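Notes for the one structure printed next.
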Amino acid sequence: MTERRRGLVYGVAAYGLWGIVPLFWKLLAGVDPVEVLAHRAVWGLFAFGALVWLASAGPRLRAALRDRRTLAVMAVSSALLAVNWGVFVGAVSSGHLLEASLGYFINPLVSVALGMIVLGERLRRLQWLAIACAVAGVVLLTWRAGRVPWISFVLAASFGGYGLVRKLARVDSLVGSTIETILMFPLAAVYLAVLAARGGGALGHAELSVSLLLVATGAVTAGPLLLFTSAARRLPLSTVGFLQYLAPTGQFLIAVLAFHEAFAPDKLVAFGMIWTGLIVFSIDLWRAPAR
47 MTERRRGLVY
57 GVAAYGLWGI
67 VPLFWKLLAG
77 VDPVEVLAHR
87 AVWGLFAFGA
97 LVWLASAGPR
107 LRAALRDRRT
117 LAVMAVSSAL
127 LAVNWGVFVG
137 AVSSGHLLEA
147 SLGYFINPLV
157 SVALGMIVLG
167 ERLRRLQWLA
177 IACAVAGVVL
187 LTWRAGRVPW
197 ISFVLAASFG
207 GYGLVRKLAR
217 VDSLVGSTIE
227 TILMFPLAAV
237 YLAVLAARGG
247 GALGHAELSV
257 SLLLVATGAV
267 TAGPLLLFTS
277 AARRLPLSTV
287 GFLQYLAPTG
297 QFLIAVLAFH
307 EAFAPDKLVA
317 FGMIWTGLIV
327 FSIDLWRAPA
337 R
């Protein structure tokens, strides 16, 4: 298997998991989104720490932590990731998963634009056709919303920027993700400590099942993120961004079928355009020779 196809497999796995993860976050709808974000950072560090130990990546992690440039780049990526996490969890818990899924439908267009403008990536004819279908679908979805979908735009911009930063970072996926959680950990730990000192917080006060779910946020966070960053280092940014459509498609289906959020049937036309673009782009990617 070529590195390009291996990256495609990693990307499909990452976005597939992100497509069904709202089912997990919905179980924590009774917990404040900021608290959930803090738990993701704290338990995510433990999850990534275990992966570093299993992969014997300690020397690489220590070397990266001594590199000021790497730390600066990872600080930017961790900030973008924290914004994305918080907004998405808040959208799920407040019943706005459809708007969040629209954000992730817009995100590939942001990634394609960043790939062309910043990295000088070029697209083939079939890829242009695929993007035209996707743009038409996103424009139609935005028009049907009848207002500026701020949740959608924040999610698209934050994760598109995150993908670009990770593409430019001089660290492998595991080390980079571990550094991100290391940078988030102090603030998250202080927040949870203050919350506990005031007698608040769900951990230890809510049902045992909720406490276990909060602890599990580390593994739920680490798995797809590690797969995503592995894909980002093997594929063009525009390709990574386009695979993003797998996640919001899953989120859309969950929002309508499981969470019963309001959805007009005529929106199926817009989603059909986007899915057509995804199929065309994926076929072109798989057939393309490795460079």
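Numbering (the working numbering) for the sequence shown: 47 to 337.
The C-beta atom is built at its ideal place from N, Cα and C for all residues, glycine as well.
Only a predicted model underlies this, so the values are computations on that prediction, with no experimental measurement involved.
Buried/exposed call for residue i, threshold 16 Cβ in 10 Å
i, result
"P105", "exposed"
"A242", "exposed"
"I177", "buried"
"S139", "buried"
"T263", "buried"
"T267", "buried"
"G76", "exposed"
"R280", "buried"
"V67", "buried"
"R114", "exposed"
"S102", "exposed"
"I329", "exposed"
"H251", "exposed"
"R86", "buried"
"T224", "buried"
"R337", "With a pLDDT of only 46 at R337, under 50, the local geometry of the prediction cannot be trusted, and no value is derived from it."
"W189", "exposed"
Rounded Cβ spacing between residue i and residue j (contact assumed at less than 8 Å)
i, j, result
"L88", "A234", "Note that residue 88 corresponds to Val in the displayed sequence, not to Leu. Indeed they touch by this definition, with Cβ atoms about 5 Å apart."
"I163", "A202", "Going by Cβ atoms, the distance from I163 to A202 rounds to 16 Å, so no, they are not a contact pair."
"K313", "L187", "7 Å"
"G57", "L289", "4 Å"
"D125", "T116", "Correcting the residue identity first, residue 125 is Ala in this sequence and not Asp. The Cβ separation is near 15 Å, so there is no contact."
"S257", "L249", "5 Å"
"L272", "S219", "6 Å"
"A304", "L69", "7 Å"
"G192", "S157", "Between S157 and G192 the Cβ distance is about 26 Å, and since that is not below 8 Å, they are no contact."
"F309", "S147", "Incorrect: roughly 11 Å between the Cβ atoms, too far for contact."
Chain-order list of residues whose beta-carbon lies under 7 Å from that of residue i (same chain, five-residue window excluded)
i, result
"G222", "M120, R212, A215, T275"
"E307", "G141, L143, L144, A301"
"P79", "G132, V135, G136, S139"
"Q173", "F327, D330"
"R170", "D330"
Same chain only: Cβ atoms within 6 Å of residue i, ignoring 5 sequence neighbours per side
i, result
"A265", "A93"
"A316", "G183, L186, L187"
"L91", "T227, F231"
"G296", "G65, I66"
Cβ neighbours of residue i in the same chain (closer than 8 Å, five flanking residues each side left out)
i, result
"A83", "The question names Ala, but residue 83 is Leu in the sequence shown. Result list for L83: A128, W131, G132, V135, A234, in chain order."
I'd like the ranges of any alpha helix (DSSP H) spanning at least 4 consecutive residues and lying wholly in the stretch 101-182.
104-111, 114-139, 143-163
Taking the runs of the alpha helix (DSSP H) that are 4 residues or longer, which of them lie wholly in the stretch 199-238?
The stretch 199-238 contains no whole alpha helix (DSSP H) run of 4 or more residues.
What are the uninterrupted segments assigned as alpha helix (DSSP H) that are 4 or more residues long and contained completely in the stretch 273-333, given in chain order?
Uninterrupted alpha helix (DSSP H) stretches at least 4 residues long and entirely within the stretch 273-333 occur at 283-289, 292-299, 313-333, given in chain order.
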